[in-house]
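Accompanying notes for the structure given below.
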Amino acid sequence: MIKHLKLTKAVVAMALGIVALIVAKVMESNRTDGNQAVLAIAGVLFIASAVIFLYPILFAKKADKDGKSVELKPAAKEPVEEIAS
């Protein structure tokens, strides 16, 4: 689903944010200068990933004219197979 909705950039930004947060905490424990800058970078990456995760929800295709039903249509080149339950 992440691949079909083109959310790989959001996952990468989240992973980089986690790595930057860990680096900032290690720098803080070692009392190294610059840990606040790395912490700010981690925050920016978390905010960017949150916005990218919201993109498919904000620009979803409305299924009916009244706007009561909304479908998240994947932007895939191949048709998506649905699993019968």
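This note's numbering applies: residue 3 is where the sequence shown begins, and numbers increase by one. Where is the CB? At the ideal position from N, CA and C, for every residue including glycine.
Three-state class that DSSP yields for phenylalanine 55 in the structure shown: helix
What is the rounded straight-line gap between the Cα of alanine 22 and the Cα of threonine 10? 18 Å
Identify, in the order they occur along the chain, each residue of the same chain with its Cβ nearer than 7 Å to the Cβ of isoleucine 43, setting aside the five sequence neighbours on each side. Ala22
Going by C-alpha to C-alpha distance, which of Ile49, Ile24 and Ser51 sits closest to glutamine 38? Ile24
Would DSSP call threonine 34 helix, strand or coil? coil
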